[in-house]
Amino acid sequence: MVIALKPQATKDDILRLEEKIRQKGLTPHTIHGAEISVIGCIGNTTHVDSKFFEMDVAVDRVVQVQEAYKLANRAFHPEDTQVDVSGVLIGGGHIGLIAGPCSVESYEQTLEIAKAAKASGANLLRGGAFKPRSSPYAFQGLGLEGLEILCAVREEVGIPIVTELLSPEYVEAFNDKVDLIQIGARNMQNFDLLRQLGQVDRPILLKRGLSATYEEWIMSAEYIMDSGNKNVIFCERGIRTFETYTRNTLDLQSITVIKRNTHLPIIIDPSHAGGKRWLIEPMAKAAIAGDADGLMIEVHSDPETALCDGPQSIVPEDFDILLQQIKAIANVLGKTIG
Ligand code: PEP
Ligand code: MN
0 MVIALKPQAT KDDILRLEEK IRQKGLTPHT IHGAEISVIG CIGNTTHVDS KFFEMDVAVD
60 RVVQVQEAYK LANRAFHPED TQVDVSGVLI GGGHIGLIAG PCSVESYEQT LEIAKAAKAS
120 GANLLRGGAF KPRSSPYAFQ GLGLEGLEIL CAVREEVGIP IVTELLSPEY VEAFNDKVDL
180 IQIGARNMQN FDLLRQLGQV DRPILLKRGL SATYEEWIMS AEYIMDSGNK NVIFCERGIR
240 TFETYTRNTL DLQSITVIKR NTHLPIIIDP SHAGGKRWLI EPMAKAAIAG DADGLMIEVH
300 SDPETALCDG PQSIVPEDFD ILLQQIKAIA NVLGKTIG
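Going by numbering that gives the first Met the number 0, 49 is the number at position 50 of the sequence shown; the sequence numbering is gapless.
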């Protein structure tokens with residue numbers, strides 16, 4: 000953090016500011032210029048709000064030279080983090096392929112899709128049991144019954160499960176039963192919920208908020224990590240822009256930005272990004288070619304009758320063709336599936 004003083008700042012102002020800096024546990028390093036002076040603050044500034052100095056009458060502006068996040072920051076952890084999801088590795092050259100219906104509708108429906116997805120090469124099964132719907136009249140998911148269905152299918156097929164946690168009420172149940180706990184876009188800044196995730200042993204899939212900046216997204220991961228859980232995977236699922244033709248705009252640049260600034264893995268969800276099934280194949284391929292650590296794709300045996308997100312789901316046959324291509328791209332990049 001660097002504090003630039005106003006030209007009229009006096010020696011007493013500088014002494015006062017240096018004392019304030021020391022009070023925050025930092026060491027001041029003052030450079031006395033001919034016109035203006037600047038004070039560099041040496042030390043860990045993550046706990047210091049720049050506004051504390053900005054409001055001083057002698058201060059012109061404060062420049063933050065260090066990112067606000069420390070635990071997720073690649074600068075302090077240069078090697079890629081590999082997250083182990085019940086034996087499936089994601090990150091550091093390992094690709095996670097998550098597939099399944101938007102919502103768990105029944106045991107038979109989930110079982111059929113899970114078997115097909117696994118046979119094609121998916122290594123994790125998704126399925127919403129608790130659904131965050133925009134309308135209170137829309138299907139809200141089967142709740143705990145849906146969770147039990149996912150567990151039974153995992154048992155039958157032998158594939159770890161990913162599902163969304165909506166409320167702090169079910170943290171314990173999810174910690175018991177879910178291999179990878181998903182935090183949806185709408186809860187990305189539910190800080191109480193994020194703090195509770197520090198207490199769980201399971202890794203977390205953190206989706207990007209509907210209009211979250213990279214820093215806001217990374218700070219949400221920082222909340223989870225600071226609470227004690229270091230296993231966080233980012234999931235880009237598109238952001239709101241002026242474009243209404245697609246459901247959201249898929250920000251593929253996030254792969255590079257997240258990997259440059261953090262050491263955590265990032266996967267891409269082309270289903271929720273585009274909202275259209277014909278966008279899934281090209282965007283999934285672009286994501287893997289662009290160094291994503293995995294994909295989350297909605298797959299449904301009969302998208303026309305799906306209770307949620309049918310238009311952005313592909314059928315198992317198309318998923319199979321897509322995965323053959325994804326495996327070929329991963330191969331060229333020297334990456335392993337799982
Ligand atoms: C989902 O994956 O089921 C979901 C609701 O996604 P998002 O939070 O990205 O909208
Ligand atoms: Mn969905």
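Glycine included, every Cβ here is placed at the ideal spot set by N, Cα and C.
Treat the numbers as computed from the prediction; the structure is a model and nothing was measured.
Going down the chain, each residue whose beta-carbon is closer than 5 Å to a heavy atom of ligand 1 shows up: Gly127, Gly183, Ala184, Lys206, Arg236 and His271. Boundaries of the alpha helix (DSSP H) harbouring valine 331: 315-331, taken from the DSSP string. A distance criterion of 6 Å places the beta-carbon of cysteine 234 beyond contact range of ligand 2, judged by its closest non-hydrogen atom. Within the same chain, and ignoring the five residues on either side of arginine 153 in sequence, the residues whose Cβ sits closer than 6 Å to its Cβ are Ile160. Going by DSSP, glutamine 181 is part of the beta strand (DSSP E) stretching over 179-182. Where methionine 282 is concerned, the enclosing alpha helix (DSSP H) starts and stops at 276-288. In this structure the segment 257-271 does not lie against the segment 315-330, because fewer than three pairs of beta carbons, one per stretch, are closer than 8 Å. In this structure, DSSP gives methionine 224 a helical state, which the three-state scheme calls helix.
Spatial neighbours of phenylalanine 51 in its own chain (CB-CB distance under 8 Å, excluding positions within 5 residues in sequence) are listed in chain order as Lys19 and Lys23. DSSP lists no bridge partner for asparagine 230. No residue range can be given for threonine 304, since it is assigned to no beta strand (DSSP E) and is classified by DSSP as neither H nor E. Look at aspartate 308: its beta carbon is less than 6 Å from one of the heavy atoms in ligand 2. Shown here, alanine 151 sits in a helix according to DSSP, grouped into three states.
Glycine 293 and leucine 70 have their C-alpha atoms some 22 Å from each other. Glycine 95: member of the beta strand (DSSP E) spanning 93-99, first to last residue.
Looking at the DSSP output, histidine 28 shares a beta bridge with Gly39. By the neighbour-count criterion, in which a residue is buried when 16 or more other Cβ atoms sit within 10 angstroms of its Cβ, valine 62 is exposed. Cβ-Cβ distances below 7 Å link serine 219 to Met187, Gln188, Leu193 and Leu205 in the same chain, with the five nearest sequence neighbours on each side left out; the list follows chain order. For leucine 70, no alpha helix (DSSP H) segment is defined, and its DSSP state is neither H nor E. About 11 Å separates the beta carbons of isoleucine 182 and phenylalanine 173, which is beyond the 8 Å limit, so they are not a contact pair. Here threonine 255 carries a helix assignment [DSSP, helix/strand/coil]. Non-local C-beta neighbours of proline 167 in its own chain, meaning closer than 8 Å and more than five positions away in sequence, comprise Asp191, Leu192 and Gln195, ordered along the chain. Between proline 131 and arginine 201, the C-beta spacing is not below 7 Å. Taking the C-beta atoms as reference points, leucine 124 is found nearer than 7 Å to glycine 99. In the three-state DSSP reduction, threonine 109 falls in the helix class (H, G or I). 7 Å or more divides the Cβ of valine 298 from the Cβ of isoleucine 287. The DSSP-derived three-state label of lysine 114 is helix. When secondary structure is reduced to three states using DSSP, glycine 197 falls in the helix class.
Here DSSP, grouped into helix, strand and coil, assigns serine 312 to coil. At least 7 Å separates the beta-carbon of proline 281 from that of isoleucine 232. For cysteine 40, the CB stays at least 6 Å from every heavy atom of ligand 2.
Between ligand 2 and the CB of cysteine 101, the shortest heavy atom gap is smaller than 6 Å.
Rounded to whole angstroms, glycine 90 and glutamate 53 show a C-alpha spacing of 40 Å. With a cut-off of 8 Å on Cβ pairs, the segment 70-85 is in contact with the segment 224-238, counting three or more such pairs.
In the structure shown, the three-state DSSP call for alanine 3 is strand.
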